[in-house]
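**Student:** The structure follows.
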Amino acid sequence: CRVPNDKDTIRDLSAEIEWAKVNILSPDSYREKALEVRRDLSGELTVEKVSKVFEAYLTRMDEAHAMDFEDVLLLTTAMLENYPEMAATVRKQYRHFTVDEFQDVSPVQFELLSQWLGERDDVCVVGDPAQTIYSFSGATSKYLINFASHFARTQDFQLSHSYRSTEPIVALANQVLAKDATSPIRLKSTRGKGPAVTLTAYSSDEEEAKQIGKQIAELIASGITPREIAVLYRINSQSEIFEAELGALGIPVSLRGAERFFERPEVKNALLNLRAGLHVKGDRPFVETVRDILGSLGWKPKEPDSGRSARETWESLNTIVELADELQAKDPSAQLPDFVKSLDLRNEMEFAPSANAITLASIHSAKGLEWEAVFVAGLSEGLLPISHANTPNEFNEERRLLYVAMTRAKTQLRLSWSKSRHTDGKGYREQSTLLRDLTF
């Protein structure tokens, strides 16, 4: 079996093998399941080719005595299932379980949870079927929807109040979900009235980006900080035109989904130096010590005028300075050890603070986040819903994506689409079917 050796094909193969493993499939059962659910494979890949590569991958892993992340879940599940003494020890140590985002649980994760629990039912889960947007990677809301069939003593508490979004945003989001039978709960806003949600059609992608850029500039001028504004879209390639337009306006941007904040070399070095400074004694505020330490690493109060790499390094270090300022404002008695501890906690939680910049993000990477003002761009047929959403389940997932995008906004939500890709009218587009029958 021969497949292309380019980066995209390797990435797609890796994702497909991961999907097979989280669904607890062998190469043979993968072949059957992939054909049944009509897995969307790109390029020269076929179900048969993926199955053969999957089998070869397992053989090589076994020969190398290696395992991947999915193997950790699979093998842990198998050990608990096949070794009663080990299972008894684990179940004695871990009595109660809480699982968040339960609508995104995969079959292997549910099996592992079941083995951890054994015959007990000491488990609390939190989830929202309306936010199931990772089906392509093996997540399924069926375990949440059918939770009571697995745990007889289930108590169900419906959390139907939105403490984030204003009434106009919640009302429109409820309309989007009205045709999704798997999401019966309708939200109620606790924040009261707010600006009306807008829907705007632009002549081209360029005009859409240009006008959104102008509106963002106006919001910033009105007092909203850049970090409280986001532009969301369906696919990552849509970011480029917004990067260019906002860059031309001098508005800083931060791409969500880039390298983790605490994995950046300059941030690792900064943390190393901050820890080295813990022994320094003094009476001055710790934020001054932070500025001195980061200053020795190249940080200055003013952003560099040029050089992308230099700006990126400065933004990372400046974010640390801003976090120090925030802690000082919240707790005037805080010292450097408290600050370093807070950074360690953020790192453990994989929470990457953004610089004071507009967030550009795909809807998938925006899940769980919120902003004061949100622009959802590119709401045209073929983008949202995406062109390859061919089955009813896939179409409903696109509907849920729009719902997730809308409910990222606290106060202002602006939706838009363009009638063509280019200013000359070529690449004609139609408004998204997801917007039809919505009352603004």
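Take the position in the sequence shown, starting the count at 1, then add 42; the result is the number in the numbering used here.
In this text, a Cβ means the ideal position worked out from N, Cα and C, and glycines have one as well.
Model, not experiment: these values are computed from the prediction.
#1: Going by C-alpha to C-alpha distance, which of G410, D247, I400 sits closest to S422?
#2: What residues match up with Y72 in a beta bridge as DSSP calls it?
#3: Since R456 is in the beta strand (DSSP E), which residue starts that stretch and which ends it?
#4: Along the alpha helix (DSSP H) that carries W158, what are the first and last residues, could you check?
#5: Tell me G424's beta-bridge partners as DSSP assigns them.
#6: With DSSP as the reference, identify every bridge partner of F417, one or two as the case may be.
#7: What first and last residue would you give for the beta strand (DSSP E) that runs through V322?
#8: When the distance is taken between beta carbons, is A130 closer than 8 Å to Q473?
#9: Take the Cβ of M109 as the centre, count every other Cβ of all protein chains shown within 10 Å, and call the residue buried at 16 or more, exposed below.
#10: Could you tell me whether any non-hydrogen atom of the ligand ZN is closer than 7 Å to the CB of Y275?
#11: Provide the residue span of the alpha helix (DSSP H) that contains S93, from first to last.
#12: Where does the unbroken alpha helix (DSSP H) through A290 begin, and where does it stop?
#13: How long is the line joining the alpha carbons of L241 and A213, rounded to whole angstroms?
#14: Measuring CB to CB, does V273 end up less than 8 Å from A399?
#15: On the DSSP bridge assignment, give the partners of V167 in chain order.
#16: Under a Cβ-count criterion, where at least 16 other Cβ atoms within 10 Å of its own Cβ denotes burial, should V322 be classed as buried or exposed?
#17: Can you have a look at L387 and say buried or exposed, based on whether 16 or more other CB atoms are within 10 angstroms of its CB?
#18: Going by alpha carbons, who is nearest to V92 out of P69, G424, Q151?
#19: Taking the alpha carbon of L443 as the reference point, which residue from T101, V45, G410 has its own alpha carbon closest?
#20: On the CB-based measure, 16 or more other CB atoms within 10 Å of its CB, does Q454 come out buried or exposed?
#21: Pull the bridge partners of Q473 from the DSSP assignment, please.
#22: Say whether the segment 215-235 touches the segment 251-261, bearing in mind that this needs 3 or more beta-carbon pairs closer than 8 Å, one atom from each stretch.
#23: Going along the chain, which residues of its own chain have a beta-carbon closer than 8 Å to the beta-carbon of T475, five neighbours each way excluded?
#24: Per DSSP, V64 is paired with what?
#25: Thinking C-alpha only, which one of R44, E78, L87, L117 is nearest A57?
#26: Below 8 Å, can you find three or more Cβ-Cβ pairs linking the segment 327-335 to the segment 273-286?
#27: Starting from the Cα of S338, find the closest Cα among G324, G319, S462 and give me that residue.
#28: When the Cα atoms are used, what is the spatial distance from R456 to H138?
#29: Excluding the 5 residues flanking A62 on each side, which residues of the same chain have their C-beta closer than 7 Å to its C-beta?
#30: If I follow the unbroken alpha helix (DSSP H) through S191, where does it start and stop?
#31: Report the rounded CA-to-CA distance for V147 versus E368, giving the unit in angstroms.
#32: Are the CB atoms of L117 and V132 within a distance shorter than 8 Å?
#33: Thinking just about the alpha-carbon of each residue, which of K310, A415, D54, R44 is nearest to the one in F178?
#34: When the Cα of S358 is compared with those of A371, A376, R306, L261, which residue comes out closest?
#35: Under a three-way DSSP split, which group does L241 fall into?
#36: What did DSSP end up calling R350 once you bin it into helix, strand or coil?
**Tutor:** Reading from the atomic positions:
#1: On the sequence shown, residue 422 is found 380 positions in, with the first residue counted as 1. Ranking the options by Cα distance to S422, first place goes to D247.
#2: Here the question's residue 72 lines up with position 30 in the sequence shown. Answer is none; Y72 lacks a bridge partner.
#3: Position 414 of the sequence shown, counted from the first residue, corresponds to residue 456. From DSSP, the beta strand (DSSP E) with R456 extends over 451-460.
#4: On the sequence shown, position 116 is the one that residue 158 refers to. Taken as a continuous stretch (DSSP letters only), the alpha helix (DSSP H) holding W158 covers 149-159.
#5: Translated into positions along the sequence shown, residue 424 becomes position 382. BP columns for G424 point to I428.
#6: Stepping through the sequence shown from its first residue, residue 417 is reached at position 375. Looking at the DSSP assignment, F417 forms a beta bridge with V273, R456.
#7: Position 280 of the sequence shown holds residue 322. Run containing V322: none; DSSP gives neither H nor E here.
#8: Within the sequence shown, numbered from 1, the residue matching residue 473 stands at position 431. Within the sequence shown, numbered from 1, the residue matching residue 130 stands at position 88. No, the pair does not count as a contact, with Cβ atoms beyond the cut-off.
#9: As a first step, residue 109 must be located in the sequence shown, where it is residue number 67. M109 is exposed by the Cβ-count criterion.
#10: As presented, the structure is devoid of all ligands, the ligand ZN included, so that no description of it is given.
#11: Taking the sequence shown and counting its residues from 1, the one referred to as residue 93 is at position 51. First-last of the alpha helix (DSSP H) with S93: 89-105.
#12: Stepping through the sequence shown from its first residue, residue 290 is reached at position 248. Residues 281-290.
#13: Residue numbering aside, residue 241 sits at position 199 when the sequence shown is read from its first letter. Residue numbering aside, residue 213 sits at position 171 when the sequence shown is read from its first letter. So the alpha carbons of these two residues sit roughly 15 Å apart.
#14: Taking the sequence shown and counting its residues from 1, one reaches residue 273 at position 231. Taking the sequence shown and counting its residues from 1, one reaches residue 399 at position 357. Cβ atoms of V273 and A399: not closer than 8 Å.
#15: As a first step, residue 167 is located in the sequence shown; it is residue number 125 there, counting from the start. V141, per the DSSP bridge assignment.
#16: Numbered from 1 along the sequence shown, position 280 holds the residue referred to as residue 322. Its Cβ having fewer than 16 others within 10 Å, V322 is exposed.
#17: The residue labelled residue 387 in the question sits at position 345 within the sequence shown. So L387 ends up on the exposed side.
#18: Looking up residue 92 in the sequence shown gives position 50. Among P69, G424, Q151, the Cα nearest to that of V92 is on P69.
#19: Residue mapping note: residue 443 aligns to position 401 of the sequence shown, counting from 1. Out of T101, V45, G410, G410 has the C-alpha closest to the C-alpha of L443.
#20: Locating residue 454 in the sequence shown gives position 412, counting from the first residue. Buried: at least 16 other Cβ atoms inside 10 Å.
#21: Position 431 of the sequence shown, counted from the first residue, corresponds to residue 473. Beta-bridge pairing links Q473 to S422.
#22: no
#23: Taking the first residue of the sequence shown as 1, we reach residue 475 at position 433. Cβ within range, chain order: E423, P427.
#24: Locating residue 64 in the sequence shown gives position 22, where the first residue counts as 1. BP columns for V64 are empty, so no partner.
#25: In the sequence shown, residue 57 corresponds to position 15, counting from 1. Checked all of R44, E78, L87, L117; the closest Cα to A57 is L87.
#26: no
#27: Here residue 338 refers to the residue found at position 296 when the sequence shown is read from its first residue. Nearest of G324, G319, S462 to S338, Cα basis: G319.
#28: Working through the sequence shown from its first residue, we reach residue 456 at position 414. Working through the sequence shown from its first residue, we reach residue 138 at position 96. Answer to the nearest angstrom: the Cα atoms are 43 Å apart.
#29: Here residue 62 is taken as the residue at index 20 of the sequence shown, counted from 1. Only Y72, F96 meet the Cβ criterion.
#30: The sequence position of residue 191 within the sequence shown is 149, counting from 1. Element bounds for S191: 189-192.
#31: Translated into the one-based positions of the sequence shown, residue 147 becomes position 105. Translated into the one-based positions of the sequence shown, residue 368 becomes position 326. In a straight line, the C-alpha of V147 is about 35 Å away from that of E368.
#32: The residue given as residue 132 occupies position 90 in the sequence shown. The residue given as residue 117 occupies position 75 in the sequence shown. No, Cβ-Cβ distance for V132 and L117 is not below 8 Å.
#33: The count along the sequence shown starts at 1 and reaches residue 178 at position 136. Looking at the Cα atoms, D54 is the closest of the given residues.
#34: Taking the sequence shown and counting its residues from 1, one reaches residue 358 at position 316. With distances taken between Cα atoms, S358 lies closest to R306.
#35: Working through the sequence shown from its first residue, we reach residue 241 at position 199. In the structure shown, L241 sits in a strand (DSSP, three-state: E or B).
#36: Here residue 350 refers to the residue found at position 308 when the sequence shown is read from its first residue. Note that R350 scores 42 on pLDDT, short of 50, meaning its location in the model is unreliable; the coordinates nonetheless yield the value given after this. Three-state result, R350: helix.
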